[in-house]
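Below is one structure, written out as C-alpha cells, with a few remarks after it.
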Amino acid sequence: KDGLLSEEEFNLWNRLYRLGDSDEVKGVALPRSHFQSLQEDRATQEPTTGIHQLSLSEWSVWQDHPLPTYQVDHSYRCRHFISIMQMIEEMRHEEDECSYELKIRPFLQMEDVC
Amino acid sequence: EFSHRQRLKAAVHYTVGCLCQEVELDKQMHFSKQTIAAISEVTFRQCENFAKDLEMFARHAKRSTISTEDVKLLARRSNSLLKYITKKNEEIAQ
Amino acid sequence: VLEAAARGVSQAQAEGLNVVDVDQLEKVLPQL
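Protein chains in written order, with the working numbering: chain A, 115 to 228; chain B, 3 to 96; chain C, 84 to 115.
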C-alpha cells in the first residue's frame, strides 16, 4: 500500500535478484558519456571492480533491423538508429564513389547553403 | 515535396562535408565519403526529430510560433549542451 | 556534426588509424 516492497517481496528480491558483495558481478553501469565538441567538466571515472560496464555496440550485428515487439512499437530514435546502421552496412564495401553522394548531388543548389 | 526534401538533404550534405573538412585539417585525419554521408543522414533525420519535438513543445504552450525557449527545452537532457545553447541564444539576442 | 566527427576521430585514433571510415562511426553511433 505504501508503494514499497512487502517483507515477502523483499525476501524474494534479496534472494533472486539483488547483486551484492558475494556476487562476481556487483552491479552494472552504462559507460559515462560526455560531449567531445563542448567544453565540459569531465568527472574522472574510477573503474570500480566488480561493476560490469555494459556495451552499447556488442550486439550491433543485430541492430540493423527492428526485432519483434510486444505491446509497444519501436521508437523514432530506434528506427533512426536502425536506418543508419543499414545505411552503413550498404556503404561498407563501397570504394571510391559514394552512392549517397551520387544520388543527392544533383539536388544541391548553392543558394541553399549559408 | 520530394524535390524540396532532397534539396535540403543536399544542402546539409554539402555543409557536413565542409565541417568535416575543417576537422580534417585540424586533426590531420581523413573522413571517407561514406562517413560524411552517414553523418549527413544522421544529422538530417535528427533535425526532423527536433522539428517534431519543437512543434509539440510550442503547441503544448499554446503557441503557433516556435521560440528559443522550445529550443532550450530540446537541450534539457544535457547540462553542458543546455548551457551552450543558452549562451548562444544570449549572444544572438545581444 | 562536430560531435560525430570528434567521436569518429577519437575512435580512429584509438585504433591507430588516420582515416575515419564507417567502421569507426558505427562503433560510436550508439552513444552518439
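Just so it is clear, CB atoms sit at the ideal spot from N, CA and C, and this is done for glycine as well.
Enumerate in chain order the residues of its own chain whose CB-to-CB distance from residue i is below 8 Å, with the five nearest sequence positions on each side excluded.
i: B:Tyr86; result: Ala77
i: A:Leu170; result: Leu144, Pro145
i: C:Gln114; result: Arg90
i: A:Cys192; result: Pro180
i: C:Val103; result: Ala88, Gly91, Val92, Gln94, Ala95
i: B:Val25; result: Met31, Phe33
i: A:Glu204; result: Ser213
Pick from the options: whose alpha carbon is nearest that of residue i?
i: A:Glu211; options: B:Lys54, B:Arg9, B:Ala39, B:Thr45; result: B:Ala39
i: B:Ser66; options: B:Lys74, B:Leu56, B:Ser82; result: B:Leu56
i: A:Gly164; options: A:His188, A:Tyr184, A:Gly141, A:Lys217; result: A:Gly141
i: B:Arg46; options: B:Lys64, B:Tyr16, B:Met58, B:Gln96; result: One point to set straight first is that residue 46 of chain B is Phe, not Arg, in the sequence displayed. B:Phe46 has its Cα closest to that of B:Tyr16, out of B:Lys64, B:Tyr16, B:Met58, B:Gln96.
i: A:Glu154; options: B:Ser82, B:Asn91, B:Thr88; result: B:Ser82
i: A:Lys217; options: B:Ala12, B:Ala95, B:Lys89; result: B:Ala12
Whose C-beta lies closer than 6 Å to the C-beta of residue i among residues of the same chain, with five residues either side of it excluded?
i: A:Val139; result: His166
i: A:Asn128; result: none
i: A:Leu168; result: Val142, Leu144
Here's a check: name, in chain order, each residue in its chain whose Cβ is nearer than 7 Å to the Cβ of residue i, leaving out the five neighbours to either side.
i: A:Thr162; result: none
i: A:Gln223; result: none
Using 6 Å as the cut-off, classify the Cβ of residue i as near or not near the heavy atoms of the ligand PLP, replying yes or no.
i: A:Leu130; result: Absence of the ligand PLP from the depicted structure is noted, as is the absence of any ligand whatsoever, leaving it without description.
*asked:* Going residue by residue through the region 16-69 of chain B, where are the continuous alpha helix (DSSP H) segments of at least 4 residues, counting only ones entirely within it?
replied: The qualifying runs are 35-62.
*Taking 8 Å as the threshold, find out whether the region 198-217 of chain A comes into contact with the region 38-52 of chain B through three or more Cβ pairs.*
yes
*Positions along the region 63-92 of chain B whose CB lies within less than 9 Å of some CB in chain A*: Ser80, Asn81, Ser82, Leu83, Lys85, Tyr86
*asked:* Report the start-end ranges of each beta strand (DSSP E) in the region 125-151 of chain A that is 3 residues or longer and not cut off at the edges.
replied: 141-143
*Enumerated in chain order, which unbroken segments of the beta strand (DSSP E) with a length of 3 residues or greater are wholly contained in the region 160-194 of chain A?*
165-167
*Contacting positions in the region 186-198 of chain A - beta carbon closer than 8 Å to chain C*: Phe195, Ile198
*Starting from the N-terminal side, write out each stretch of the beta strand (DSSP E) that is 3 residues or longer and does not extend beyond the region 194-228 of chain A.*
none
*Can you list, in chain order, the residues of the region 31-50 of chain B whose Cβ is nearer than 7 Å to any Cβ on chain C?*
Taking 7 Å as the Cβ-Cβ cut-off against chain C, the residues of the region 31-50 of chain B that qualify are Met31, His32, Phe33, Ser34, Gln36, Thr37, Ala40, Ile41, Val44, Thr45.
_Contact residues within the region 142-156 of chain A, judged by C-beta distance below 9 Å to chain B_ = His148, Phe149, Leu152, Gln153, Glu154, Asp155
_chain C contacts made by the region 158-185 of chain A, where a contact means CB separation under 7 Å_ = Leu170, Ser171, Ser174
*Give, in chain order, every residue of the region 8-33 of chain B whose Cβ lies closer than 8 Å to some Cβ of chain A.*
Of all residues in the region 8-33 of chain B, the ones placed with a Cβ closer than 8 Å to any Cβ belonging to chain A are Gln8, Arg9, Leu10, Lys11, Ala12, Ala13, His15, Tyr16, Thr17, in chain order.
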